[in-house]
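Going down the list, the sequences are from chains A and B.
To convert, note that position 88 of the first sequence is 88 in our numbering; the numbers rise steadily by one, no gaps.
To convert, note that position 13 of the second sequence is 1013 in our numbering; the numbers rise steadily by one, no gaps.
Just so you know, even glycine gets a beta-carbon here, dropped at the ideal spot from N, CA and C.
Down below is the structure, laid out as structure tokens.
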Amino acid sequence: MDVQGLQMTQTTPVPGVFKRNPPIAGEAEAIEAAKNGDAEAFSKLYALHKRRVYTLCLRMLGNVSEAEDMTQEAFLHLFRKIGSFRGESAFSTWLHRLTVNLVLMHLRKKGLNLVSLEETINPSEEDAPKRDFGSRDLQLTGSVDRVALERAVASLPPGYRMVFVLHDVEGFEHNEIATMLACSTGNSKSQLHKARLKLRELLRQPDLIAQQDGFKEVTV
Amino acid sequence: MTETKLPDFETMTPADFEQYLPEIFANGDGRVSTDPRLQTFLKNNPDCAALVRDLETIADQARSLFDEPIDPSDAVWTGIQDKLKHASPDDEDLAIPQTV
């Protein structure tokens, strides 16, 4: 199996969740052992990284079942490709990139043509954020409940959710997102802005979240 | 990559601001509310200031979405083990253990 666009060479680390984590004790030894087919080493790598990989998949897909499937695929792919990890960047960064690319490939297979982001996964009129930025009486109070934000993100249209997660959650730059999604940087900026506007709308009117098409329960 | 030309911050209208806000966010460090070039405009247009505060709050809180990573169900590891056990030694790029 090949992952389209997958950067198996080490790239500049991204400032997302994986970059914030320090090296893990015993990880380097487990990686080397796993390269030689050591079953216990594979098990240890799974235990060390399963939560972050799964959470990434869940944020990107907004769906528990798909997130579990992609977590499984990510680790199977990792086990196949671990021999190509050369340690030039953090293992977690490498695994993160691998997972992001697998999820993007999965979405392409599902028919979300990320190549033409603006035309194909722009939401319908009813999904688009309303242009009502002058409603001060409904403004957020300076903080957002994390669970409410999780639910709102999960209910976003896929194109909005993907760019929001990649930029605001994962810390990718617009030019990196444009490369990954094969769209323009302007498109990435526009999608991000629309995603934030939509989230503002959803967070100010929580009843809307449950009404969104494609909403999937994310609480586990 | 070509940068979009931004409007004159001294003379722009709220409609201009709304149109160029994605670029304004992307051009700075993500903190529009503290951009010195925009302080007069935001002071004179509180609705725009409220919008900026809300969008910054959302962006800030987004980083918390990984503060508490979630465990996948045990079925994920079971599925991985099952697939590994049934993997053929002829599989492409096999570095997979035959017993897990």
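Buried versus exposed, by CB contacts within 10 Å (16 or more), residue i
i, result
"residue 198(A)", "buried"
"residue 176(A)", "buried"
"residue 1031(B)", "exposed"
Spatial distance of residue i from residue j (CA atoms)
i, j, result
"residue 87(A)", "residue 190(A)", "35 Å"
"residue 1061(B)", "residue 34(A)", "37 Å"
"residue 41(A)", "residue 1015(B)", "58 Å"
"residue 1077(B)", "residue 1064(B)", "26 Å"
"residue 180(A)", "residue 56(A)", "16 Å"
"residue 1043(B)", "residue 1033(B)", "10 Å"
"residue 1010(B)", "residue 1023(B)", "17 Å"
"residue 1013(B)", "residue 1045(B)", "9 Å"
"residue 1029(B)", "residue 1071(B)", "33 Å"
"residue 1020(B)", "residue 101(A)", "31 Å"
"residue 1040(B)", "residue 1052(B)", "14 Å"
"residue 192(A)", "residue 205(A)", "20 Å"
"residue 77(A)", "residue 104(A)", "14 Å"
CB contact check: residue i to chain B, cutoff 7 Å
i, result
"residue 144(A)", "yes"
"residue 230(A)", "Any answer about residue 230(A) is impossible in this case: the structure gives chain A only from 1 up to 220."
"residue 136(A)", "Bear in mind that a pLDDT of 47 at residue 136(A), under 50, signals an unreliable position, so the number given afterwards is only what the model happens to contain. Chain B contact via Cβ: present."
"residue 160(A)", "no"
"residue 173(A)", "no"
"residue 86(A)", "no"
"residue 221(A)", "Because chain A here runs from 1 to 220, residue 221(A) falls outside it and cannot be looked at."
Residue i at chain A interface by Cβ criterion, 7 Å
i, result
"residue 1160(B)", "Residue 1160(B) lies beyond the range of chain B shown here (1001 to 1100); nothing can be said about it."
"residue 1083(B)", "yes"
"residue 1110(B)", "It is not possible to answer for residue 1110(B), since the shown part of chain B is limited to 1001 through 1100."
"residue 1065(B)", "yes"
Cβ shell of residue i (< 7 Å), same chain only, five flanking positions each side left out
i, result
"residue 91(A)", "27, 31, 85"
"residue 185(A)", "174, 175, 178"
Proximal chain B residues relative to residue i, where beta-carbon distance stays under 8 Å
i, result
"residue 50(A)", "1071, 1072, 1076, 1077"
"residue 99(A)", "In chain order: nothing, as chain B lies at least about 12 Å away."
Beta-carbon neighbours of residue i, restricted to chain A and to distances below 7 Å
i, result
"residue 1023(B)", "189"
"residue 1055(B)", "196, 200"
Own chain, CB closer than 6 Å to residue i, minus 5 neighbours either side, in chain order
i, result
"residue 83(A)", "35"
"residue 1047(B)", "none"
"residue 1083(B)", "none"
Chain A residues whose Cβ lies nearer than 8 Å to that of residue i
i, result
"residue 1016(B)", "Near residue 1016(B) there are no residues of chain A at all, since even the closest Cβ is about 13 Å away, more than 8 Å."
Cutoff 8 Å; reference residue i; Cβ partners in own chain excluding five residues on either side
i, result
"residue 46(A)", "75"
Under 7 Å from the C-beta of residue i: neighbouring residues of chain B
i, result
"residue 59(A)", "1065"
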